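Following: one structure in structure tokens, then a few remarks.
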Ligand SMILES: Cc1ncc(COP(=O)(O)O)c(C=O)c1O
């Protein structure tokens, strides 16, 4: 450390090698009983698979293994360690209750091929999740199949395509505002449409005049994130929907930011046609390495026939059934019924909170983001000063004058013990700092985070070098990030 940063959490040891480097000949983690098959017999039975020895396999004790991996695990920042303010990612706490429920016998242990009449509990859990999500969104029908938000986007676009083609009105383009998440244009392209960019207005919202100009008979629809990636609610949403519908198009809402709306506003009431949800964001199921995702797609009645097959339907006796008789469906998008465990976790979260609790979570998420925004706006540039919801986006314009960019500030935050915010996104804000605290942070933690950002802003004024060379508290400081992404070396080799 080259400074006296108050909150730094240095690693227990900064000299941890890889497990291969701890190896020494004949050290073992367990004593296996002597082989009761003659090596020659084993060789004959296993053929090419036989190995007398595994080259470079680490020979280590149980204690070596436990301590090595336990130490490594402390190098990771996690949602269980502290606030994780990645804007647009909604990194909220994943309650342990979700995990307990998802492991219940009969939910955690059922095989996906279990016959329907023996899997009634699981089908009911899926049907209950669907009903809850429909109530929250105000939509009419839903699929839980897609495994991520991006896959939900593709599924929704395929439904739009199927619907328009059936109407005998195939179209070529989909409009996407310039503030959109990168997955939106990617999904449009994969679904066979072409992207047309829609400029945002000075408030960071859809420019209605531009929409009216661009929305022609060649445009299949609009893909809109609401609240958008600036954390701003598209207040003209009803008019936007009217313009698109008026020209025969459909409206897709990217509902990844539903953490700002649950219990307060229902997208179905805005008049849109199709939307996705990210259970791994809004409904507290784990992200990425912590578990697979889930991106349910909800539609209005007219798109119901195109939902992926099979759909899960409630039976009059309170059970559930799988309906494969869906001739107009876009087909299956995921094995079985999607990531079942994620639906169960989301359902546990929804039922544990109840309607009032879900609304409270939304209000707290919005309050937290606005608290941060208000407390750092004198230290950082705020390019779009509109009322914001669950996240706030600053720019590094003031710090850039001293040669410090958003990535440097993010690296310095690590020295203060915080995970960085989202860097350089959305693209319409040059040098963006995108901050989403979620409802999971309490005031003490928000205050510590705010104080860290304010302190870094002071450092930029007084000693920019300390920020430019950050982080100082980690085992390695600045990595060649482009090389790490483009030429990853994921296999250890002994030094030559
Ligand atoms: C606004 C928005 N749309 C779409 C996505 C894509 O979701 P996923 O990462 O689950 O594919 C995200 C992910 O963070 C998002 O923030």
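Numbering (the working numbering), first residue to last: 105 to 600.
Backbone N, C-alpha and C fix where the C-beta goes; we use that ideal spot for every residue, glycine too.
Please read these numbers as outputs of a predicted model, since none were measured by experiment.
List in chain order the residues whose CB is within less than 7 Å of at least one heavy atom of ligand 1. 192, 193, 252, 253, 254, 255, 257, 285, 287, 288, 329, 333, 358, 360, 361, 382, 384, 385, 397, 399
Do you know offhand how far residue 150's Cα is from residue 119's? 41 Å
Cβ distance (whole Å) where residue 388 is taken to contact residue 198 below 8 Å: 5 Å
Taking the C-alpha atoms as reference points, what is the distance between residue 440 and residue 249? 8 Å
Report yes or no: do the stretch 284-296 and the stretch 320-334 share at least 3 C-beta pairs separated by less than 8 Å? yes
Helix, strand or coil for residue 163 per DSSP? coil
The beta strand (DSSP E) enclosing residue 326, as first and last residue numbers: 323-329
Just checking my contact of residue 261 with residue 291 at CB under 8 Å: how many whole Å lie between their CB atoms? 6 Å
When you compare the CB positions of residue 237 and residue 225, do they come within less than 8 Å of one another, or not? no
For residue 368, collect the residues of the same chain with a Cβ closer than 7 Å to its Cβ; drop the 5 residues on either side in sequence, then sort them by chain order. 463, 466
Going along the chain, which residues of its own chain have a beta-carbon closer than 7 Å to the beta-carbon of residue 298, five neighbours each way excluded? 276, 277
Judging by CA-CA distance, which residue of 515, 351, 306, 444 is the nearest neighbour of residue 490? 306
Round the Cβ separation of residue 192 and residue 415 to the nearest angstrom and send it over; I've been treating them as touching at under 8 Å. Residue 192 to residue 415, Cβ: 30 Å. No contact.
Going by other Cβ atoms of all chains shown within 10 Å of its Cβ, with 16 needed for buried, is residue 516 buried or exposed? buried
Spatial distance of residue 488 from residue 586 (CA atoms): 30 Å
Proximal residues to residue 338 (C-beta, below 8 Å), its chain only, five neighbours per side dropped: 309, 310, 328, 330, 331, 332, 344
May I ask you to report which of helix, strand or coil DSSP gives residue 416? strand
Please classify residue 451 as buried or exposed, where buried requires at least 16 other C-beta atoms within 10 Å of its C-beta. buried
For residue 127 versus residue 169, is the C-beta spacing smaller than 8 Å? no
Thinking C-beta only, is residue 446 closer than 8 Å to residue 241? no
With a threshold of 8 Å on Cβ separation, who are the neighbours of residue 254 within its own chain once the five nearest residues in sequence on each side are excluded? 287, 290, 291, 399
With DSSP collapsed to three states, give me the class of residue 568. helix
So, is residue 371 buried or exposed, given that buried needs 16 or more other C-beta atoms within 10 angstroms? buried
By the three-class DSSP mapping on this structure, what secondary structure does residue 281 have? strand
On the three-state DSSP scale, how would you describe residue 425? strand
With a threshold of 16 other CB atoms inside 10 Å of the CB of residue 429, please say whether the residue is buried or exposed. exposed
How many angstroms separate the CA atom of residue 218 from the CA atom of residue 584? 49 Å
By Cβ distance below 6 Å, which residues in the same chain neighbour residue 123 in space, the five residues on each side in sequence not counted? 162, 172
Buried or exposed: which applies to residue 270, given that a residue is buried once 16 or more other Cβ atoms fall within 10 Å of its Cβ? exposed
Tell me where the beta strand (DSSP E) around residue 246 begins and ends. 245-247
Please go through the same chain and pick out, in chain order, the residues whose beta-carbon is closer than 6 Å to the beta-carbon of residue 244, but skip the five residues on each side of it. 404, 405
Where does residue 442 land, buried or exposed, given buried means 16+ other C-beta within 10 angstroms? buried
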